[in-house]
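All remarks here apply to the structure that follows.
2 protein chains.
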Amino acid sequence: MAKVTPISGFPEFLPSDRIVEQHFLDVIRETFELHGFASIETRAVEPVERLSNQGEDADKEIYAVRRLGAAADDEGPGLGLHFDLTVPFARYVLENSGKLAFPFRRYQIQKVWRGERPQEGRYREFTQADIDVVGDGTLPFHYEVELPLVIADAFSKLPIPPFRIQVNNRQIPEGFYRGLGVEDVTAVLRIVDKLDKIGPDKVTQLLTAADGPALEAETAKQVLRLAEISSTDASFVEQVRALGVQHEVLDEGLERLAAIMTAANEHAPGLLVADLKIARGLDYYTGTVYETQLIGHESYGSICSGGRYDALATDGKTTYPGVGISIGVSRLLARLFSQGLLKGSRSTPTAVLVALNDEADRADAMRTAAVLRQRGIPVEVAPAAAKFGKQIKFADRRGIPFVWFSTENGPEVKDIRSGEQVPADPATWTPPQHDVRPSIETPQENS
Amino acid sequence: MAKVTPISGFPEFLPSDRIVEQHFLDVIRETFELHGFASIETRAVEPVERLSNQGEDADKEIYAVRRLGAAADDEGPGLGLHFDLTVPFARYVLENSGKLAFPFRRYQIQKVWRGERPQEGRYREFTQADIDVVGDGTLPFHYEVELPLVIADAFSKLPIPPFRIQVNNRQIPEGFYRGLGVEDVTAVLRIVDKLDKIGPDKVTQLLTAADGPALEAETAKQVLRLAEISSTDASFVEQVRALGVQHEVLDEGLERLAAIMTAANEHAPGLLVADLKIARGLDYYTGTVYETQLIGHESYGSICSGGRYDALATDGKTTYPGVGISIGVSRLLARLFSQGLLKGSRSTPTAVLVALNDEADRADAMRTAAVLRQRGIPVEVAPAAAKFGKQIKFADRRGIPFVWFSTENGPEVKDIRSGEQVPADPATWTPPQHDVRPSIETPQENS
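As they're listed, the protein sequences go chains W and S.
If you use the UniProt record's numbering, the first sequence corresponds to residues 1 to 447, in order.
If you use the UniProt record's numbering, the second sequence corresponds to residues 1 to 447, in order.
Pasting the structure below:
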């Protein structure tokens, strides 16, 4: 057997970091459910043809899946691991349209896989937490306002830095580019999407390159001017108008984005920023698009993104337009962990270790543990009747705060942090609320 | 785009069945945490060489994973999707041994993949919920008693039929076969493991076949006699002794299984059955093995299995012996759903739909929803200001029990099952506890 080594891009957590991840996922799930989103999970695989042609370099990043024992021709159409949760969800909606009630609000928290070059916050396997609303034929505009508010509600309950949700409507650059006479709108969008990463000079170079969209210098300048516009209210409209470009698709996009900004400011002033450089790499978005920055970590890029897709789910007869946002849970946590912003208070759920005087007492110790568990207290029994010092060390290594002893005077419990030991009845003794379960520590706040 | 069709062996739940699955997973997780097991997740992929040679027809059932865009030679060693959670866990222990505290108690709830022929309860993608305890060099015997008690605790909180946990020690058949002079012990074990599926005649045929272990007829009879022994206490020992076979490995196995039966009967009389035909197909088990039957559904096979493995996790210097049990969550649910034993009370978490008199009232309705949510009540706002009958129908289709109205007399809430409508203040009104979240209905009990 070869030596055990990590596989690049497939990170795994130690138990104390996993406790932080579980807390994040629990808060996100609870928030999504409070907002009336139903959970689904989709299979990990889709036919490769359904995963293909969704933009960027997605195709070559798809992981193909095939039985080792399969003969070359007995497997039917090729399967691949899903690279997001939106494409599988659209397929799920088509497959189950007769059994779902529309508009259908669903959340989905699962792993996805992309064969990208691994780097900080970019993994080959990672967890996303998505909400989407999909309509049957039509989908009211107000969901495009609602979804970022749900995300803001979840984030407000998590120990993360302040954030801003950037919003755009793809009709704005699309109409604007068409008004400028640009032919390959998608190619220009994809280049502009890299603005934060590669800067305006490189973008200009790519836009004007003969083997690219080959824009005139003045056209490229206009494209960049549009991308630089942002506002926390509807005032971006005037700034766009001042550039003097006319197109009916542009008008529609401006009107829709202005409506989102106005409505969002009613509920959460300052939460949304209209930012006209936001485009999203995936081709299925047709209108509103979202990205989310952690303030103070802008260069890290978006940790929560999405948008409206009007044509992703269609069976030829009916189209199911949708809007969704996806929290990049692994990506968000990777940043917080690498910056030392979060850690779990212990490496196990256990709050109480029941110590043993003698191996013959194990049955009694198990009964004590069962009584404590009945009141929701996580308990384990010591692995062996070692010296008490060793049993206390066992608890200490894991961050278990309490050790339970059976003494001549009856049962007693020791808080191993303070050393205080008091008589205790397993039927009534309860640890302080904050010790019952592991908690999330934010080291910076404590220092 | 090809027509959307299910992929055989990759089942997906509708939202109301997913609510049942979530309830099961929540109860299992909560029980595992109360018993002091820490959560981990491992990556979906392992090097194929680590997955191979674990017994049965496992190799050809492995799903190989490869980037579509990968050149033939740039991917390093081949990767495959894990087919269980024990092999990845053993690798995780080796990889992180310096950072873990032993004995290490972990639980792991994840999807696994096997390219088996799909049939009822046998899927190509399914969810398992595992607990394991792994020691550093040694692992005390008492964990082999503890683990089935944890499973019994979880099952006692779930709406499932009564069950029995069957236990054996592989040393018993191994020592017995050696005492009989059998050479290929593993081959005989694998054939006996099929006893429930194919019956004693077919097993005898396979055991005596010239291209199989080629046992003498009398030897095969002895093998079958051993497999037929079972007891709910330690009395199986006498039955084995009566067969007159002698071997020191047999003695050790009998002693250990007798100790488990005695200790288990102290805590949960009747829960465990010593059943000497239980073998488990996977080769890594070295001692105690477990299977679990639902009573009344014996032909369905095991829904929770595991055992002790002494040599799975070894780096050449240190060996980390372990014992674990895995609940086949998908397999268990498939049976309960197919028999109509369970369903979710509604298809959404939403308990209250806030109706709209007019689209202009949406901002107010969203504020009402936010106030209710602050007290843990799942709420959504109606998709459109349709006629009230239509808005009530929207709730009814999803099983949402309450609709909130803004009337001339102030806010009122209607229980759409009884039709009763009463004045209500969003800051204080609370639905009955059993309506706040969806519940699990057991249709047989209600009929």
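Yeah, the Cβ is synthetic: ideal placement off N, Cα and C, and Gly gets one too.
Short CB-CB distance (under 9 Å) between residue i and chain S
i, result
"Tyr177 (chain W)", "no"
"Asn446 (chain W)", "Model confidence at Asn446 (chain W) stands at a pLDDT of 43, short of 50, so the residue's coordinates are unreliable; what they give is reported in the following sentence. No, Asn446 (chain W) does not count as interfacial toward chain S."
"Val379 (chain W)", "yes"
"Arg66 (chain W)", "yes"
"Lys60 (chain W)", "yes"
"Pro409 (chain W)", "One detail in the question is off: residue 409 (chain W) reads as Asn in this sequence, not Pro. With 9 Å as the cut-off, Asn409 (chain W) does not count as an interface residue toward chain S."
"Ala263 (chain W)", "yes"
"Phe388 (chain W)", "no"
Residue i classed as buried or exposed, judged by whether at least 16 other C-beta atoms fall within 10 angstroms
i, result
"residue 473 (chain W)", "Missing from the structure shown is residue 473 (chain W); chain W here goes from 1 to 447 and no further."
"Ser8 (chain W)", "exposed"
"Glu49 (chain W)", "exposed"
"residue 449 (chain S)", "The question about residue 449 (chain S) has no answer, for chain S in this structure spans 1 to 447."
"Arg375 (chain W)", "exposed"
"Thr348 (chain W)", "buried"
"Val65 (chain W)", "buried"
"Lys157 (chain S)", "exposed"
"Glu125 (chain W)", "buried"
"His434 (chain S)", "exposed"
"Asn169 (chain W)", "buried"
Residue-chain proximity (residue i, chain W), Cβ-Cβ < 9 Å
i, result
"Ile229 (chain S)", "no"
"Val245 (chain S)", "no"
"Tyr309 (chain S)", "no"
"Tyr63 (chain S)", "yes"
"Gln391 (chain S)", "no"
"Phe236 (chain S)", "no"
"Leu206 (chain S)", "no"
"Val249 (chain S)", "no"
"Asn96 (chain S)", "yes"
"Ser338 (chain S)", "no"
"Asp132 (chain S)", "no"
"Gln433 (chain S)", "no"
"Ser302 (chain S)", "no"
"Pro426 (chain S)", "no"
"Gly287 (chain S)", "no"
CB of residue i within 9 Å of CB of residue j, strictly
i, j, result
"Ser299 (chain W)", "Gly328 (chain W)", "no"
"Ile40 (chain W)", "Pro15 (chain S)", "yes"
"Pro173 (chain S)", "Val112 (chain S)", "no"
"Asp310 (chain S)", "Thr318 (chain S)", "no"
"Thr428 (chain W)", "Val436 (chain W)", "no"
"Ala263 (chain S)", "His142 (chain S)", "yes"
"Glu252 (chain S)", "Gly175 (chain S)", "yes"
"Phe24 (chain S)", "Leu333 (chain S)", "yes"
"Ile278 (chain W)", "Gln166 (chain W)", "yes"
"Leu356 (chain S)", "Glu380 (chain S)", "no"
"Gly307 (chain W)", "Thr292 (chain W)", "no"
Simplified DSSP assignment, three categories, for residue i
i, result
"Asn168 (chain W)", "strand"
"Arg124 (chain S)", "coil"
"Thr186 (chain W)", "helix"
"Ala363 (chain W)", "helix"
"Asn446 (chain W)", "Low per-residue confidence applies at Asn446 (chain W): pLDDT is 43, beneath 50, and the placement is therefore not dependable, though the value from the model is reported in the following sentence. Residue state, collapsed to three classes: helix."
"Ala38 (chain W)", "strand"
"Arg66 (chain W)", "strand"
"Ser326 (chain W)", "strand"
"residue 490 (chain S)", "The question about residue 490 (chain S) has no answer, for chain S in this structure spans 1 to 447."
"Tyr284 (chain S)", "coil"
"Ser338 (chain S)", "helix"
"Glu380 (chain W)", "strand"
"Leu272 (chain S)", "strand"
"Leu294 (chain S)", "strand"
"Gln108 (chain S)", "strand"
"Arg308 (chain S)", "strand"
"Glu255 (chain W)", "helix"
Residues that residue i contacts on chain A, provided the C-beta gap is smaller than 9 Å
i, result
"His82 (chain W)", "In the structure shown, chain A does not exist; the protein chains are W and S."
Under 7 Å (Cβ pairs) to chain W, residues found in the region 146-176 of chain S:
Those would be none; no residue qualifies.
Quick one: which residues of the region 35-52 of chain W get their C-beta closer than 8 Å to a C-beta of chain S? List them in chain order.
Answer in chain order: His35, Gly36, Phe37, Ala38, Ser39, Ile40, Glu41, Thr42, Arg43, Ala44, Val45, Pro47, Val48, Glu49 and Arg50.
Against chain S, which members of the region 103-119 of chain W pass a CB distance test of less than 8 Å?
Pro103, Arg105, Arg106, Lys111, Trp113 and Gly115
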